[in-house]
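Counting from 1 along the sequence shown, just add 745 to a position and that's the residue number in my numbering.
Input: a single structure, listed below in structure tokens.
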Amino acid sequence: MRFDLAKTLLWASVIVILLFLFVPVAIIMVYAFSASNIQGWPIQSFSLQWFARTFADDEVRAALFLSVEVAVVATALAMLMGLLAALAVYRLRGPGSEAIAFAVVLPIALPGILTGMALNSYFVLWGINLSFWTIVIGHGTFCTVIVYNNVIARLRRLPPSWAEASGDLGAGPWRTFRLITLPMLGSALGAGALLAFALSFDEVIVTTFTAGAQTTLPLWIFGAIRLGQHLPEVNVVVCVVILLTILPVLLAQRLMGRAALLHK
């Protein structure tokens, strides 16, 4: 068997990159099972006591529920706005559509601190108190981009002959959209929603400027680390956040992979 140096170096590079990315994450997850309240290596003994204490903490539970509620509502908002924006860009082809496309993707290209400051200034200008809904609006600005990117990519791969055939058979634009276009966009819309949920659930920067007195789970983590408090509980919460973030990303990847096979 001939030794392939290029392939070996490529695989070695991949392994090094994956270790660089995920070893710190793995260490935090292991610390969550440490019996000591002081982080140190090697870990002397393991215990589940911090999980029980963390889940019994009313502040942590409230922050978790708020994060889930915000992510669900922001995802629903992003699905509607992302779908409408994708349809507008796809059907209104020309200079106007390019301007719309640029405006839609701009929030995710801008630094989060700029988006957060802009939204905060806007809310203050109109006398809007920071609350649950201001967090949702803030998250909706970048979650919409995720849904839009998935849907517009799928729209550009759909054969236009299907919609044309539906029209030839007597179906109107709305019926064609409901029976032909929307079902074909289902997996792209679902994958975008899952990714938007994951992005919203662990967002910190924009939330800092739009939350006011509200505390989401990422904000609780940030505050606890900054003050050097509840570090064992922080490790547990980080472990839970990682798991809750990985799951929708994996599901979105499977949806997109299955859809790609169907459209070959």
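By construction, the Cβ of each residue, glycine as well, lies at the ideal position given by its N, Cα and C atoms.
Nothing here was measured: the structure is a model prediction, and the numbers come from that model.
Measuring alpha carbon to alpha carbon, tell me which of the options ends up nearest residue i.
{"i": "Met862", "options": "Ala898, Ala821, Thr952, Ile925", "result": "Thr952"}
{"i": "Gly885", "options": "Leu755, Gly937, Leu972, Val983", "result": "Gly937"}
{"i": "Phe800", "options": "Val983, Arg902, Ala997, Ile991", "result": "Val983"}
{"i": "Ala780", "options": "Ser792, Phe810, Ile772", "result": "Ser792"}
Could you name the residues of the same chain whose beta carbon sits closer than 8 angstroms to that of residue i, not counting the 5 residues immediately before and after it, in chain order?
{"i": "Leu995", "result": "none"}
{"i": "Glu978", "result": "Trp795, Arg798, Thr799, Asp802, Val805, Ala969"}
Which residues does DSSP pair with residue i in a beta bridge?
{"i": "Phe791", "result": "Ser779"}
Take residue i and list the residues in its own chain whose beta-carbon comes closer than 6 angstroms to its own, dropping the five residues that flank it on each side.
{"i": "Trp965", "result": "Ala808"}
{"i": "Thr879", "result": "Phe868, Thr955"}
{"i": "Met774", "result": "Cys984"}
{"i": "Phe765", "result": "none"}
Name the two residues that bound the continuous alpha helix (DSSP H) containing residue i.
{"i": "Asp803", "result": "803-836"}
{"i": "Gly937", "result": "927-946"}
{"i": "Ala916", "result": "Unbroken run through Ala916: none, as it is neither H nor E."}
{"i": "Pro852", "result": "840-854"}
{"i": "Val951", "result": "950-955"}
Helix, strand or coil for residue i per DSSP?
{"i": "Thr799", "result": "helix"}
{"i": "Asn874", "result": "coil"}
{"i": "Thr960", "result": "coil"}
{"i": "Pro977", "result": "helix"}
{"i": "Leu903", "result": "coil"}
{"i": "Gly968", "result": "helix"}
{"i": "Met746", "result": "Low local confidence applies: a pLDDT of 47 at Met746 is under 50, so the model's placement there is unreliable, with the coordinate-based value given in what follows. Note: Met746 maps to coil in three-state DSSP."}
{"i": "Trp786", "result": "coil"}
Between which residues of its own chain and residue i is the CB-CB distance below 7 angstroms, once the five residues before and five after are set aside?
{"i": "Ile950", "result": "Gly857, Ile858, Gly861"}
{"i": "Leu875", "result": "Phe868, Thr955, Ala956, Gly957"}
{"i": "Leu822", "result": "Val881, Gly885"}
{"i": "Ile897", "result": "Ala831, Val834, Tyr835"}
{"i": "Val770", "result": "Ile987"}
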